[in-house]
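In terms of numbering that gives the first Met the number 0, the sequence shown is residues 0 to 425.
Where is the CB? At the ideal position from N, CA and C, for every residue including glycine.
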Amino acid sequence: MDALILLGSFIALILIGMPVAYALGLSALIGAWWIDIPFQALMIQVAGGVNKFSLLAIPFFVLAGAIMAEGGMSRRLVAFAGVLVGFVRGGLSLVNIMASTFFGAISGSSVADTASVGSVLIPEMERRGYPREFATAVTVSGSVQALLTPPSHNSVLYSLAAGGTVSIASLFMAGVVPGLLMSACLMVLCLIFAKKRNYPKGEVIPLKQALKICGEAMWGLMAMVIILGGILSGIFTATESAAIAVLWSFFVTMFIYRDYKWSELPKLMHRTVRTISIVMILIGFAASFGYIMTLMQIPSKITTMFLTLSDNRYVILMCINVMLLLLGTVMDMAPLILILTPILMPVILGIGVDPVQFGMIMLVNLGIGLITPPVGAVLFVGSAVGKVSIEKTVKALLPFYAVLFLVLLAVTYIPALSLWLPNLVL
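This is how it looks when you write it as structure tokens:
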């Protein structure tokens with residue numbers, strides 16, 4: 000009955016259109032009232048939920064990504080990717096995926112990735128003879144890997160939701176191989192389509208121009224080196240690397256590229272603060288919601304339910320994947336990470352799955368949800384940028400879904416994909 004009151008009130012509030020963050024907070028209040036917990040205890044949990052040093056990584060990485068997205072970084076990364084792969088048949092679709100890989104490794108955001116890369120490449124791909132819906136599908140699917148590769152904001156959220164038992168650095172390292180695997184698989188699919196549909200070849204860029212393009216792009220790509228190199232060398236923590244990324248992105252944008260006006264900075268800061276405010280409210284209310292769930296023993300009850308279904312870890316992982324995929328299509332990623340991680344952590348520990356690997360499993364699942372209707376935020380952004388209807392975009396995405404599902408299965412059932420690099424370097 001306790002679980003019905005808490006989860007039922009949350010679902011009812013969502014159905015009447017209340018924002019997820021406030022639905023979490025209000026349902027936590029209802030749950031506290033039901034089990035006779037003082038509301039002051041709930042407020043302490045809300046304050047404690049956002050009073051964590053590691054959370055500083057989120058606003059810093061969001062700000063760094065925003066500066067780079069609006070400061071000409073995406074255009075230079077697209078040009079750099081064009082030097083590397085733009086000359087083959089269907090090369091512009093490969094450029095799209097590769098540019099998303101580079102930009103995702105700097106911004107850590109699928110939405111920013113889709114908006115910045117898509118605004119440059121979707122019109123260009125259409126001009127070169129690619130169907131607009133195909134260009135949009137390539138952009139949307141390619142942005143999913145930004146959720147895996149460092150500096151992923153969602154890895155920080157997962158570490159927080161896991162109670163700090165999983166280090167952010169381990170999650171950053173764990174996302175590198177699955178992210179690159181996803182990009183490689185999508186590029187193979189694009190090559191198959193290019194050959195089958197006879198998409199155009201790109202032009203070989205002259206050496207002098209190529210060197211200039213590479214030189215300009217290297218300033219931005221140095222952000223990856225600074226973030227990962229600093230963490231791996233022990234010079235600074237993952238949280239401190241986020242602050243360094245802001246300083247570097249500001250320096251490159253305002254003093255090297257000089258494409259961005261100083262007068263626009265206050266507006267950019269305002270947008271960033273507004274985004275972070277929403278995230279912090281969500282984190283605080285999710286902490287109170289998780290507190291009530293723990294008092295009601297909901298995680299242990301769900302663990303018992305899963306273990307009752309089967310004692311086979313592969314079957315349980317498949318059931319969890321199906322659940323995450325379905326939930327990912329109807330709710331946004333951040334609240335699901337904050338809600339489900341405390342619930343599922345005892346389950347995966349009970350069947351012997353490493354929490355770092357499970358973080359990657361969760362991110363891939365919910366990343367697919369972001370590009371799947373009815374509530375796919377990245378899908379909506381891609382369709383808006385590409386000026387293509389949701390229906391046409393989803394139809395063009397069908398083969399890309401198949402590839403992403405294959406990557407999900409590989410990440411789920413081959414632990415080494417997620418664990419090899421963290422075990423090697425940390």
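Discussion item. Quick check: the segment 333 to 341 against the segment 369 to 387, are at least 3 beta-carbon pairs closer than 8 Å?
Written reply: The answer is no - the segment 333 to 341 does not touch the segment 369 to 387, with fewer than three Cβ pairs under 8 Å.
Discussion item. With H, G and I counted as helix, E and B as strand and the rest as coil, what does DSSP make of Lys-266?
Written reply: The residue given as residue 266 occupies position 267 in the sequence shown. Annotated three-state conformation of Lys-266 is helix, per DSSP.
Worksheet entry | C-alpha distance - Ser-92 paired with Glu-239, whole-angstrom precision | Locating residue 92 in the sequence shown gives position 93, where the first residue counts as 1. Locating residue 239 in the sequence shown gives position 240, where the first residue counts as 1. Taking the straight line joining both Cα atoms gives about 35 Å.
Practice prompt. Mind checking who Lys-260 pairs with in its DSSP beta bridge?
Written response: For the purposes of this step, residue 260 is taken as residue 261 along the sequence shown, with counting starting at 1. None; Lys-260 has no bridge partner.
Discussion item. Taking the alpha carbon of Gln-296 as the reference point, which residue from Glu-123, Val-406, Ala-114, Gly-30 has its own alpha carbon closest?
Written reply: The residue given as residue 296 occupies position 297 in the sequence shown. Nearest C-alpha to Gln-296: Gly-30.
Fill in: As assigned by DSSP and simplified to three states, the class of Arg-126
Taking the first residue of the sequence shown as position 1, residue 126 is located at position 127. Reduced to three states, the DSSP call for Arg-126 is helix.
Discussion item. Give me the DSSP bridge partner(s) of Lys-211.
Written reply: Locating residue 211 in the sequence shown gives position 212, where the first residue counts as 1. For Lys-211, DSSP records no beta bridge to any residue.
Item to complete: Go ahead and pull the three-state DSSP assignment for Lys-386.
Response: The residue you call residue 386 lines up with position 387 of the sequence shown. DSSP, reduced to helix, strand and coil, places Lys-386 outside both helices and strands of the structure shown, so it counts as coil.
Practice prompt. For the alpha helix (DSSP H) holding Asn-422, just list the boundary residues, first then last.
Written response: Position 423 of the sequence shown, counted from the first residue, corresponds to residue 422. For Asn-422, the enclosing alpha helix (DSSP H) has its first and last residue at 415 to 424.
Worksheet item: Anyone know if the C-beta pair for Thr-138 and Val-116 falls short of 8 Å?
Response: Translated into positions along the sequence shown, residue 138 becomes position 139. Translated into positions along the sequence shown, residue 116 becomes position 117. Yes, the Cβ-Cβ distance between Thr-138 and Val-116 is below 8 Å.
Worksheet item: Trp-487 to Pro-421, Cα distance in whole Å?
Response: Nothing can be reported for residue 487: it is not among the residues displayed for the chain, which extend from 0 to 425.
Worksheet item: What do you get for Thr-307, buried or exposed, if any count of 16 or more other CB atoms within 10 angstroms of its CB means buried?
Response: Taking the first residue of the sequence shown as 1, we reach residue 307 at position 308. The residue is exposed, with fewer than 16 neighbouring Cβ atoms inside 10 Å.
Worksheet entry | Beta-carbon gap between Tyr-256 and Gly-70 smaller than 8 Å | Locating residue 256 in the sequence shown gives position 257, counting from the first residue. Locating residue 70 in the sequence shown gives position 71, counting from the first residue. Yes, they are a contact pair.
Worksheet item: With C-beta atoms as the reference, is Ala-134 less than 8 Å away from Leu-147?
Response: To locate residue 134, count along the sequence shown from 1; it is residue 135. To locate residue 147, count along the sequence shown from 1; it is residue 148. No.
Worksheet item: Does the separation of the CB atoms of Ala-237 and Ser-417 fall below 8 Å?
Response: One-based indexing of the sequence shown puts residue 237 at position 238. One-based indexing of the sequence shown puts residue 417 at position 418. Taking 8 Å as the cut-off, the Cβ atoms of Ala-237 and Ser-417 do not count as close.
Practice prompt. Output the residue ranges of the alpha helix (DSSP H) runs that lie fully inside the segment 314 to 372 and measure 4 residues or longer, sorted by chain position.
Written response: Correct list: 332 to 349, 354 to 369.
Worksheet item: In chain order, what residues of the same chain lie with their CB nearer than 7 Å to the CB of Lys-391, ignoring the 5 residues before and after it?
Response: For the purposes of this step, residue 391 is taken as residue 392 along the sequence shown, with counting starting at 1. The residues are Glu-132.
Practice prompt. Using DSSP bridges, identify the partner residues of Lys-200.
Written response: As a working mapping, residue 200 is identified with position 201 in the sequence shown. Its beta-bridge partners are Arg-88.
Practice prompt. Mind checking which residues open and close the alpha helix (DSSP H) that includes Pro-205?
Written response: Here residue 205 refers to the residue found at position 206 of the sequence shown. Looking at the DSSP string, Pro-205 is not in any alpha helix (DSSP H), and its letter there is neither H nor E.
Worksheet item: Leaving out the 5 sequence neighbours to the left and right, which residues in its chain are closer than 6 Å to Gly-358 when beta-carbon positions are compared?
Response: Counting from one through the sequence shown, the residue named residue 358 turns up at place 359. Around Gly-358: Tyr-157, Leu-170.
Worksheet item: What is the residue span of the alpha helix (DSSP H) that Val-139 lies within?
Response: Taking the sequence shown and counting its residues from 1, one reaches residue 139 at position 140. Note, Val-139: alpha helix (DSSP H), 131 to 141.
Practice prompt. Give the range of the alpha helix (DSSP H) segment to which Ser-299 is assigned.
Written response: If you number the sequence shown from 1, residue 299 lands on position 300. In this chain, the alpha helix (DSSP H) harbouring Ser-299 covers 297 to 308.
Worksheet item: Can you give the Cα-Cα distance for Gln-144 and Pro-37, rounded to whole angstroms?
Response: As a working mapping, residue 144 is identified with position 145 in the sequence shown. As a working mapping, residue 37 is identified with position 38 in the sequence shown. Cα atoms of Gln-144 and Pro-37: separation of roughly 43 Å, rounded to the nearest angstrom.
Worksheet item: Is Val-321 closer than 8 Å to Val-374 when the C-beta atoms are compared?
Response: Along the sequence shown, one-based indexing puts residue 374 at 375. Along the sequence shown, one-based indexing puts residue 321 at 322. Going by C-beta atoms, Val-374 is not nearer than 8 Å to Val-321.
Practice prompt. Can you grab the Cα-Cα spacing for the pair Ser-427 / Ala-2, in whole Å?
Written response: Since the first residue shown for the chain is 0 and the last is 425, residue 427 is missing from the structure and cannot be characterised.
Discussion item. Leu-396 and Ser-140 - do their beta-carbons sit closer together than 8 Å?
Written reply: Residue mapping note: residue 140 aligns to position 141 of the sequence shown, counting from 1. Residue mapping note: residue 396 aligns to position 397 of the sequence shown, counting from 1. In this structure, Leu-396 lies closer than 8 Å to Ser-140 by Cβ.
Item to complete: Within the segment 25 to 68, note down every full beta strand (DSSP E) run reaching 3 residues or more, in order along the chain.
Response: Within the segment 25 to 68, no complete beta strand (DSSP E) segment of 3 residues or longer occurs.
Practice prompt. Identify the continuous alpha helix (DSSP H) that holds Met-172 and give its terminal residues.
Written response: What you label residue 172 is simply residue 173 of the sequence shown in a count that begins at 1. Residues 167 to 173.
Practice prompt. Report all residues from its chain with a CB closer than 6 Å to the CB of Pro-414; omit the five preceding and five following residues, and keep chain order.
Written response: Start at 1 with the first residue of the sequence shown, and residue 414 comes out as number 415. If the five residues before and after Pro-414 are omitted, its C-beta is found closer than 6 Å to the C-beta atoms of Gln-356, all from its own chain and listed in chain order.
Worksheet entry | Same chain only: Cβ atoms within 7 Å of Val-393, ignoring 5 sequence neighbours per side | Indexing the sequence shown from 1 puts residue 393 at position 394. Cβ within range, chain order: Pro-372.
Item to complete: Measure how close the beta-carbons of Phe-59 and Val-245 come, nearest whole angstrom, since I'm counting them as under 8 Å.
Response: As a working mapping, residue 59 is identified with position 60 in the sequence shown. As a working mapping, residue 245 is identified with position 246 in the sequence shown. Their Cβ separation, rounded to whole angstroms, is 5 Å, which keeps Phe-59 and Val-245 in contact under 8 Å.
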